[in-house]
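Reviewing the structure listed below.
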Amino acid sequence: MNALPPNALRLSLSAIVGGAAALITYSVIFVRGDMGGVMSYLRARGALRRLQEGGADAGAVAAAHDALRTLGTQVGDPVLAARLIPLALLVGLAAAYVVWRIFGRRQEGEARPDVQERMVYRLAWRKGGRFTLGDLAESSPLSEPQARAVTARMLELGRLTHDGEAFSLSGVALNRGRRT
Numbered sequence: 329m330n331a332l333p334p335n336a337l338r339l340s341l342s343a344i345v346g347g348a349a350a351l352i353t354y355s356v357i358f359v360r361g362d363m364g365g366v367m368s369y370l371r372a373r374g375a376l377r378r379l380q381e382g383g384a385d386a387g388a389v390a391a392a393h394d395a396l397r398t399l400g401t402q403v404g405d406p407v408l409a410a411r412l413i414p415l416a417l418l419v420g421l422a423a424a425y426v427v428w429r430i431f432g433r434r435q436e437g438e439a440r441p442d443v444q445e446r447m448v449y450r451l452a453w454r455k456g457g458r459f460t461l462g463d464l465a466e467s468s469p470l471s472e473p474q475a476r477a478v479t480a481r482m483l484e485l486g487r488l489t490h491d492g493e494a495f496s497l498s499g500v501a502l503n504r505g506r507r508t
């Protein structure tokens, strides 16, 4: 199975968020922010549908349809919305840029040592206090070089002890993990 290019998910998420933000902005501009008017229009449309399904006479249905059309022209402003499409696109572009930057920072940033140590602690506690580098590489998102680096750092700090091929939590680390 082929892996996606590194920025494919970042690009697609940015495009989705940007498009959604542009559409929402356009919608708000179209109704001039009047959600009460939108709700009135939806209620009137529901009433028209109930009239049609209820078998009302053609005159009542036509009058309700005309009232709905009039309410629609009062609520929506397509001319204003068309003039402000560039604003909606600008808002969408800004939202996409923000998402692009946030996810870029997450991808480019170094893994935090405290997060890596927590992964080691969780694995050790699940394994009864003893684990190997193979266990760590298989059961966590850490790569083998990252697993070696974090265990070496924890050995230096006295949080782990080395027993042949296995590592175990030291007494300091066991006390540190207890909840008070």
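At position 126 of the sequence shown the residue is numbered 454 (our numbering), and the sequence of numbers has no breaks. Don't be surprised by glycine CBs; every beta carbon is placed ideally from N, CA and C.
Where residue i sits in the DSSP three-state scheme
{"i": "Ala390", "result": "helix"}
{"i": "Ser494", "result": "Here residue 494 turns out to be Ala, not Ser, going by the sequence shown. It is a strand residue."}
{"i": "Arg360", "result": "coil"}
{"i": "Arg440", "result": "coil"}
{"i": "Leu341", "result": "helix"}
{"i": "Met329", "result": "Unreliable placement is indicated for Met329, whose pLDDT of 46 sits below 50; the coordinate value is still reported in the next sentence. DSSP places Met329 in coil when its eight states are reduced to three."}
{"i": "Val478", "result": "helix"}
{"i": "Pro406", "result": "helix"}
{"i": "Ser468", "result": "coil"}
Distance CB(residue i)-CB(residue j) smaller than 8 Å
{"i": "Gly462", "j": "Leu497", "result": "no"}
{"i": "Leu451", "j": "Ser471", "result": "no"}
{"i": "Val345", "j": "Ala423", "result": "yes"}
{"i": "Val403", "j": "Val366", "result": "yes"}
{"i": "Ala372", "j": "Leu399", "result": "yes"}
{"i": "Leu464", "j": "Ala475", "result": "yes"}
{"i": "Arg338", "j": "Phe431", "result": "yes"}
Exposure label - residue i; buried when at least 16 CB within 10 Å
{"i": "Val443", "result": "exposed"}
{"i": "Ser342", "result": "buried"}
{"i": "Gly364", "result": "exposed"}
{"i": "Thr479", "result": "buried"}
{"i": "Gly420", "result": "buried"}
{"i": "Leu370", "result": "exposed"}
{"i": "Ala410", "result": "exposed"}
{"i": "Ala392", "result": "buried"}
{"i": "Ala336", "result": "exposed"}
One or two residues paired with residue i in a DSSP bridge
{"i": "Leu488", "result": "Leu497"}
{"i": "Phe431", "result": "Paired residue(s): none; Phe431 is not in a bridge."}
{"i": "Gly458", "result": "It is Arg, not Gly, that sits at residue 458 in the sequence shown. Ser496, per the DSSP bridge assignment."}
Short CB-CB distance (under 8 Å) between residue i and chain C
{"i": "Ala416", "result": "Among the chains in the structure shown there is no chain C, since it carries only a single protein chain."}
Between the stretch 346-355 and the stretch 407-427, do at least 3 Cβ pairs fall closer than 8 Å?
yes
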